[in-house]
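FYI, the numbering for the sequence shown is 930 to 1096, going by the working numbering.
In this text, a Cβ means the ideal position worked out from N, Cα and C, and glycines have one as well.
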Amino acid sequence: MSIWWSLHLRREAASVPLARRLLIGAMDTAGVDPEISYDLSVALSEACANAVEHGGATAHGGTSGAYRVTAYLDGEKCRIEVADSGPGFPGAQGHAAAAPAVGSATRGRPAPPRPPASETDEHGRGLWLISELADHVQLGNRPDRGGAVISFDKILKWRADAPLMSA
């Protein structure tokens, strides 16, 4: 069974817990293991917070008051994508590309996520957290209207009583 949903949210702090609760509710209803749901909800919160904070000024100098969240639960995997209309990731070209491993450099791609300087830092840890919580992460820029896109996947584990578990 497949489930997907997409939200068009205002770039306001209140949108972050809304997206997180919707994801947790959908995953709980489907029967996804609570630890997997928690990991994905934290990663989604970080991606949404980045869109709220950094996704406003467009590449053309305007502003955008919205961002999009799309989630797919398909078989054994969940994929989440967050796209904004801001200036995008510096150095990224066109569509999303797989994020390189921490510490490596790849020409034409955004800098890889780095661990925060300290555990108490309040900024600069979102992309690193997402890369730690997800199995696969892609970062890139939208070629059509500008803006950043982050998508991440995680293999799902199901509760024994999962009503929507893939057969």
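When rounded, the separation of the alpha-carbon atoms in residue 938 and residue 1076 is 15 Å. Looking only at 974, 981 and 968, the smallest Cα-Cα distance to residue 1062 is reached by 968.
The bridge partners DSSP lists for residue 1014 come to none.
Residue 1008 sits in a strand when the DSSP states are folded into three classes. The straight-line gap separating the alpha-carbon atoms of residue 1080 and residue 1010 is approximately 4 Å.
For residue 952, the closest alpha carbon among the candidates 961, 960 and 970 is that of 970. Here DSSP, grouped into helix, strand and coil, assigns residue 995 to strand.
Apart from the 5 residues on each side of it in sequence, residue 978 sits with its Cβ closer than 7 Å to the Cβ of 945 and 1055 in its chain, given in chain order.
Residue 1085 carries a coil assignment under DSSP once its states are collapsed to helix, strand and coil. Nearest Cα to residue 984 within the set 1004, 975 and 1013: 1013.
Distances from the CA of residue 949 to each of 974, 932, 962 and 942 were compared; the closest alpha carbon is that of 974.
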